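*Asks:* Before we start, here is the structure in question, set down as structure tokens.
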């Protein structure tokens with residue numbers, strides 16, 4: 004496999020993570036020192052218990068038989084987490100990057116919702132893209148009438164007719180929709196997850212976690228992420244895509260499937276499986 008140095012912007016666009024590099028990175032994902040000052044007599048956010056919504060698990064890339072996942076802590080306090088690899092669901096919708104969706108299963112049709120910026124105004128289009136018989140990947144740039152800078156917001160899969168938006172048998176929202184907007188539009192222009200809108204893929208997975216019993220810490224790999232930082236780790240994936248479950252205090256936060264369509268910008272040695280990864284020595288942007 005030929006490894007090429009990524010540019011910071013290109014890697015953000017491909018992987019849709021707020022960290023500057025995901026080939027494996029352990030470092031600051033956003034500017035700032037992670038501290039906040041209380042105002043109006045309110046409690047100091049740094050003293051508050053971390054919110055599960057502040058923790059994001061993103062499948063980053065693959066290198067031969069290895070999959071890389073990254074965890075971002077958007078909160079004001081460090082978090083101690085645990086993770087384990089599991090078999091991915093037989094039916095699933097995977098957001099490969101901001102513009103690409105992979106659907107696994109048997110479905111009569113799939114609908115994608117794409118958001119784009121035209122003339123300074125936000126546009127939205129909902130398009131049926133066809134059936135799925137096993138595995139199929141859809142790229143919104145290949146849809147007629149959809150601008151090349153469109154990003155995918157949601158995807159719905161239907162086992163049978165009728166195909167009506169909002170009634171899909173399997174539905175998922177892009178868990179990195181905000182990061183995609185920042186990468187393509189320069190800022191977040193569409194807020195999600197409020198005002199009765201559908202939950203993100205991560206939120207849906209947390210809701211479905213009731214059937215998962217608490218897992219002892221000894222059965223999990225440990226992971227600590229400082230506030231405002233992203234930490235990545237490698238998982239063996241010799242039999243194809245692998246899923247990772249992320250836990251805090253034994254409670255399942257989210258499950259994500261590896262991003263098989265995104266190649267890592269550097270080889271991942273076998274001895275780095277299960278451990279935090281270090282960033283590449285340089286980006287293409289750093290060269291004189």
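Numbering (this note's numbering), first residue to last: 4 to 291. Quick reminder that beta carbons are idealized off the backbone N, C-alpha and C, glycines included. In this text, all values refer to a predicted model and were calculated from it rather than measured experimentally.
1) Determine the direct distance from the alpha carbon of residue 164 to that of residue 114, and round the result to whole angstroms.
2) Taking all protein chains shown into account, decide if residue 153 is buried (16 or more other Cβ within 10 angstroms of its Cβ) or exposed.
3) Under three-state DSSP, which class holds residue 161?
4) Going by the beta-carbon positions, is the gap between residue 134 and residue 112 smaller than 7 angstroms?
5) Cα separation between residue 142 and residue 251?
6) Would you check if there are 3 or more beta carbon pairs closer than 8 angstroms linking the segment 63-79 to the segment 124-131?
7) Thinking just about the alpha-carbon of each residue, which of 253, 161, 232 and 234 is nearest to the one in residue 222?
8) May I have the straight-line CA-CA distance separating residue 277 from residue 122, to the nearest angstrom?
9) Pick helix, strand or coil for residue 184, following the three-state DSSP scheme.
10) I'd like the ranges of any beta strand (DSSP E) spanning at least 3 consecutive residues and lying wholly in the segment 225-268.
11) Just to confirm before moving on: does the CB-CB distance between residue 70 and residue 225 stay below 7 angstroms?
12) Quick one: give me the first and last residue of the beta strand (DSSP E) that residue 219 is part of.
13) If we ignore side chains and look at the alpha-carbon of each, how far apart do residue 177 and residue 103 end up?
14) Can residue 118 and residue 148 be called in contact, C-beta distance under 7 angstroms?
15) If you draw a straight line from the alpha carbon of residue 84 to that of residue 59, how long is it in whole angstroms?
16) Only counting the same chain, and skipping five residues up and downstream in sequence, which positions put a Cβ closer than 6 angstroms to that of residue 159?
17) Work out the CA separation of residue 218 and residue 57 for me, nearest whole Å.
18) How is the beta strand (DSSP E) around residue 70 delimited, first residue to last?
19) Report yes if the CB atom of residue 235 is closer than 7 angstroms to the CB atom of residue 183, and no otherwise.
20) Could you have a look at residue 274 and say whether DSSP puts it in helix, strand or coil?
21) Kindly identify the DSSP beta-bridge partner or partners of residue 280.
22) Using DSSP with H/G/I as helix, E/B as strand and the rest coil, what is residue 100?
23) Residue 89 and residue 73 look like a contact to me (Cβ under 8 angstroms); what is the Cβ gap, rounded to whole Å?
24) At which residues does the beta strand (DSSP E) containing residue 131 begin and terminate?
25) Are residue 120 and residue 188 closer than 7 angstroms when you measure CB to CB?
*Replies:* Quick answer:
1) Looking up residue 114 in the chain shown gives position 111. Looking up residue 164 in the chain shown gives position 161. Each residue's Cα considered, the two are about 12 angstroms apart.
2) Residue 153 sits at position 150 when you count from the first residue of the chain shown. Classification for residue 153: buried.
3) Translated into positions along the chain shown, residue 161 becomes position 158. Looking at residue 161 - three-state DSSP - the assignment turns out to be strand.
4) Within the chain shown, numbered from 1, the residue matching residue 134 stands at position 131. Within the chain shown, numbered from 1, the residue matching residue 112 stands at position 109. Closer than 7 angstroms, so yes.
5) Walking along the chain shown from the start, residue 142 turns up at place 139. Walking along the chain shown from the start, residue 251 turns up at place 248. So the two alpha carbons sit approximately 34 angstroms from each other.
6) no
7) If you number the chain shown from 1, residue 222 lands on position 219. Of the candidates 253, 161, 232 and 234, the one whose C-alpha sits nearest the C-alpha of residue 222 is 253.
8) In the chain shown, counting from the first residue as 1, residue 277 sits at position 274. In the chain shown, counting from the first residue as 1, residue 122 sits at position 119. Approximately 46 angstroms, taken between the alpha carbons.
9) Residue 184 sits at position 181 when you count from the first residue of the chain shown. Three-state DSSP puts residue 184 in a helix.
10) 232-239, 246-251 and 254-260
11) Residue mapping note: residue 70 aligns to position 67 of the chain shown, counting from 1. Residue mapping note: residue 225 aligns to position 222 of the chain shown, counting from 1. The answer is no: Cβ separation not under 7 angstroms.
12) As a working note, residue 219 is residue 216 in the chain shown. Per DSSP, residue 219 belongs to no beta strand (DSSP E) and is neither H nor E.
13) Reading the chain shown from its first residue, position 174 is the one you call residue 177. Reading the chain shown from its first residue, position 100 is the one you call residue 103. One C-alpha to the other measures close to 10 angstroms.
14) The residue labelled residue 118 in the question sits at position 115 within the chain shown. The residue labelled residue 148 in the question sits at position 145 within the chain shown. No, the Cβ-Cβ distance between residue 118 and residue 148 is not below 7 angstroms.
15) By 1-based counting over the chain shown, the position of residue 84 is 81. By 1-based counting over the chain shown, the position of residue 59 is 56. Computed Cα separation, rounded: 11 angstroms.
16) Taking the chain shown and counting its residues from 1, one reaches residue 159 at position 156. For residue 159, where only same-chain residues beyond five positions count, the Cβ hits under 6 angstroms are 114, 171 and 174.
17) If you number the chain shown from 1, residue 57 lands on position 54. If you number the chain shown from 1, residue 218 lands on position 215. One C-alpha to the other measures close to 21 angstroms.
18) Residue mapping note: residue 70 aligns to position 67 of the chain shown, counting from 1. Here the beta strand (DSSP E) through residue 70 covers 69-76.
19) Taking the first residue of the chain shown as position 1, residue 235 is located at position 232. Taking the first residue of the chain shown as position 1, residue 183 is located at position 180. Not closer than 7 angstroms, so no.
20) Position 271 of the chain shown, counted from the first residue, corresponds to residue 274. Three-state DSSP puts residue 274 in a helix.
21) Numbered from its first residue, the chain shown carries residue 280 at position 277. Paired residue(s): none; residue 280 is not in a bridge.
22) Within the chain shown, residue 100 is the residue found at index 97, counting from 1. Note: residue 100 maps to strand in three-state DSSP.
23) Taking the first residue of the chain shown as 1, we reach residue 89 at position 86. Taking the first residue of the chain shown as 1, we reach residue 73 at position 70. About 18 angstroms; that fails the 8 angstroms criterion.
24) Along the chain shown, one-based indexing puts residue 131 at 128. Note, residue 131: beta strand (DSSP E), 124-131.
25) Translated into positions along the chain shown, residue 120 becomes position 117. Translated into positions along the chain shown, residue 188 becomes position 185. It is a contact, given that the beta carbons lie within the stated cut-off.
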